[in-house]
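Novice:
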Amino acid sequence: MAELERIKNFIDGKFVDPVGGKYLDNIEPATGKPYSQVPDSDARDVDLAVAAAEKAFAEWSRTPATDRSRILLRIADLIERDLEKLARAESIDTGKPLSLARSLDIPRAASNFRFFATAILHTESEAHITDNVAFNYTLRQPRGIAGLISPWNLPLYLLSWKIAPAIAVGNTAIAKPSELTPMTSFLLCEIAGEAGLPNGVLNIVHGTGPNVGAPITTHPKITTISFTGGTVTGKKVAEACAPLFKKISLELGGKNPNIVFADADLDAAIAGSVHSSFANQGQVCLCGSRVFVERSA
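Heads up: the sequence shown begins at 790 in my numbering, then just goes up one per residue.
1) Considering Ile1048, what are the terminal residues of the beta strand (DSSP E) in which it resides?
2) Using beta-carbon positions only, say whether Ala878 and Met972 come within less than 8 Å of one another.
3) Just reading off the alpha helix (DSSP H) that Ala1057 is part of, what are its end residues?
4) Could you check whether the Cβ of Lys1035 sits closer than 7 Å to any heavy atom belonging to the ligand SAM?
5) Starting from Lys1036 and walking both ways along the beta strand (DSSP E), at which residues does that stretch end?
6) By how many angstroms is the C-alpha of Arg857 removed from the C-alpha of Pro931?
7) Which parts of the segment 955-994 are runs of the beta strand (DSSP E), unbroken and 3 residues or longer, counting only runs that do not cross its ends?
8) Please state whether the Cβ-Cβ distance between Leu872 and Ser880 is less than 8 Å.
9) Please go through the same chain and pick out, in chain order, the residues whose beta-carbon is closer than 6 Å to the beta-carbon of Leu1041, but skip the five residues on each side of it.
10) From Leu1033, Gly996, Val994, Asn901, pick the residue whose C-alpha is nearest to that of Thr1013; which is it?
11) What are the boundary residues of the alpha helix (DSSP H) that includes Ile864?
12) Use the C-beta contact count for Ile918: other C-beta atoms within 10 angstroms, 16 or more gives buried, fewer gives exposed.
13) Name the residue from Ala898, Thr927, Thr820, Leu893 whose alpha carbon lies nearest to the alpha carbon of Gly884.
14) Enumerate in chain order the residues of its own chain whose CB-to-CB distance from Ser830 is below 7 Å, with the five nearest sequence positions on each side excluded.
15) DSSP on Ala906, reduced to helix/strand/coil?
16) Which term fits Glu920, buried or exposed, when burial requires 16 or more other beta carbons within 10 angstroms of its beta carbon?
17) Anyone know if the C-beta pair for Ile796 and Ser825 falls short of 8 Å?
18) Evaluate His1008 with the Cβ neighbour count: other Cβ atoms within 10 Å of its Cβ, from every protein chain shown; 16 or more gives buried, anything less gives exposed.
19) Helix or strand or just coil, what does DSSP make of Leu948?
20) Would you call Phe946 buried or exposed, if buried means 16 or more other Cβ atoms sit within 10 Å of its Cβ?
21) Please classify Thr813 as buried or exposed, where buried requires at least 16 neighbouring CB atoms within 10 angstroms.
22) Beta strand (DSSP E) containing Val1087: first to last residue?
23) DSSP on Ala840, reduced to helix/strand/coil?
24) Would you please state the rounded distance, in angstroms, between the beta carbons of Cys1076 and Ser1062? I believe it to be under 8 Å.
25) Are the CB atoms of Leu867 and Glu792 nearer to each other than 8 Å?
26) Would you decide whether Asp882 is buried or exposed? Buried here means 16 or more other CB atoms lie within 10 Å of its CB.
27) How about His917: is its C-beta nearer than 8 Å to some C-beta of chain B?
28) If I follow the unbroken beta strand (DSSP E) through Pro823, where does it start and stop?
29) Please report the straight-line C-alpha distance between Lys965 and Glu843, rounded to a whole angstrom.
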């Protein structure tokens, strides 16, 4: 039997094994069999990533926006260059159709980097003068280290939506992709290195929520948390962050109804409901999971 490919953590610009040496099988949904292995990391790996991110922050936060923008645009270009490779990896890892990964997931990941690369070149602030005795102004500065935890339904799409804005504005990042769909984040690290992203600006630690997600959430040097996932887990993230006064962003699961009124175009409503219910296997937080129809319709 051929040896399974081993995904590695990406810390301080290097691919490294987890400190504990443990791995989890990564299952291909189409076959139900392992096709690679993902690090079963723990708090020690998070500590290494924090040290790397903290070291990189001093210089990265002072890097001119034009230089940061140039690197992010290069990442976007390389994602587009490797679209077929990334789409195939996403399809194998998630079980979604290759056509969907080609047309949505990977192009959107490139768009995320491109959008924030240009957005940072057009920032604005506000200032208010009160009776010529007070001057209030808004000062925008990088916050430090951002902890980014993303789900399995849109792996590279959603992870890049967190990474791109975090590093674009001068923060450094520690990301934890879902242990169920780790492959494209692994490939993204190769792209980041090729694009010239400085060591330690982006660190990716693979593993489970309890072993990696929880230490990221509670680490005192990680000042910002962005989490996308289930509501139950989101509640735990909020409870962990509140005593530490961290800035948190929670994008949680929802049950969204499609509402069809009597005067609706029924052909369009049916087509739209089918698409919104079953696109990406229905595994999107804004998919329609129920249909409410006005009785007279």
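C-beta atoms are modelled at their ideal positions from N, C-alpha and C, and glycine is treated no differently.
Specialist: According to the structure shown:
1) Along the sequence shown, read from residue 1 onward, the residue named residue 1048 stands at position 259. Residues 1045-1049.
2) Locating residue 878 in the sequence shown gives position 89, where the first residue counts as 1. Locating residue 972 in the sequence shown gives position 183, where the first residue counts as 1. Yes, they are a contact pair.
3) Along the sequence shown, read from residue 1 onward, the residue named residue 1057 stands at position 268. Residues 1055-1067.
4) Questions concerning the ligand SAM fall outside what the structure shown contains, since it holds no ligand whatsoever.
5) Position 247 of the sequence shown, counted from the first residue, corresponds to residue 1036. Run containing Lys1036: 1036-1041, per the beta strand (DSSP E) assignment.
6) Looking up residue 931 in the sequence shown gives position 142. Looking up residue 857 in the sequence shown gives position 68. The C-alpha of Arg857 is placed about 13 Å away from the C-alpha of Pro931.
7) 961-965, 991-993
8) Within the sequence shown, residue 872 is the residue found at index 83, counting from 1. Within the sequence shown, residue 880 is the residue found at index 91, counting from 1. Not a contact, by the Cβ cut-off of 8 Å.
9) Your numbering for residue 1041 matches position 252 in the sequence shown. Around Leu1041, the same chain offers Thr1020, Gly1023 as residues with beta carbons nearer than 6 Å, after the five sequence neighbours per side are excluded.
10) Here residue 1013 is taken as the residue at index 224 of the sequence shown, counted from 1. Cα-wise, what sits closest to Thr1013 is Leu1033.
11) What you label residue 864 is simply residue 75 of the sequence shown in a count that begins at 1. Taken as a continuous stretch (DSSP letters only), the alpha helix (DSSP H) holding Ile864 covers 854-870.
12) One-based indexing of the sequence shown puts residue 918 at position 129. It counts as exposed.
13) Within the sequence shown, the letter at position 95 stands for residue 884. The residue with the shortest Cα to Cα distance from Gly884 is Thr820.
14) Start at 1 with the first residue of the sequence shown, and residue 830 comes out as number 41. Excluding the 5 residues flanking it on each side, Ser830 has same chain C-beta neighbours closer than 7 Å at Asn798, Pro807, Val994, His995, Gly996, Asn1000, Val1001, in chain order.
15) Stepping through the sequence shown from its first residue, residue 906 is reached at position 117. It is helical.
16) Your numbering for residue 920 matches position 131 in the sequence shown. Before going on, a small fix: residue 920 reads as Asp here, not Glu. Burial is judged here by how many other beta carbons sit within 10 angstroms of a residue's own beta carbon; Asp920 has fewer than 16 and is exposed.
17) Here residue 796 is taken as the residue at index 7 of the sequence shown, counted from 1. Here residue 825 is taken as the residue at index 36 of the sequence shown, counted from 1. Against a cut-off of 8 Å, the Cβ pair of Ser825 and Ile796 comes out as a contact.
18) If you number the sequence shown from 1, residue 1008 lands on position 219. It counts as buried.
19) Position 159 of the sequence shown holds residue 948. Here Leu948 sits in helix by DSSP.
20) On the sequence shown, position 157 is the one that residue 946 refers to. At residue 946 the sequence reads Tyr, which differs from the Phe that was named. Flag for Tyr946 reads buried.
21) The count along the sequence shown starts at 1 and reaches residue 813 at position 24. Correcting the residue identity first, residue 813 is Leu in this sequence and not Thr. Residue burial annotation: Leu813 is buried, with at least 16 other C-beta atoms found within 10 angstroms of its C-beta.
22) The structure shown does not extend to residue 1087, since the chain is modelled only from 790 to 1086, so the question has no answer here.
23) The count along the sequence shown starts at 1 and reaches residue 840 at position 51. Ala840: helix per DSSP, three-state reduction.
24) Taking the sequence shown and counting its residues from 1, one reaches residue 1076 at position 287. Taking the sequence shown and counting its residues from 1, one reaches residue 1062 at position 273. Actually they do not touch by this definition, with Cβ atoms about 10 Å apart.
25) In the sequence shown, the residue the question calls residue 867 occupies position 78. In the sequence shown, the residue the question calls residue 792 occupies position 3. It is not a contact, given that the beta carbons lie outside the stated cut-off.
26) What you label residue 882 is simply residue 93 of the sequence shown in a count that begins at 1. Label assigned to Asp882: buried.
27) Reference to chain B is not applicable here, since this structure consists of a single protein chain.
28) What you label residue 823 is simply residue 34 of the sequence shown in a count that begins at 1. That run of the beta strand (DSSP E) goes 822-828.
29) Here residue 965 corresponds to residue number 176 of the sequence shown, with the count starting at 1. Here residue 843 corresponds to residue number 54 of the sequence shown, with the count starting at 1. Approximately 17 Å, taken between the alpha carbons.
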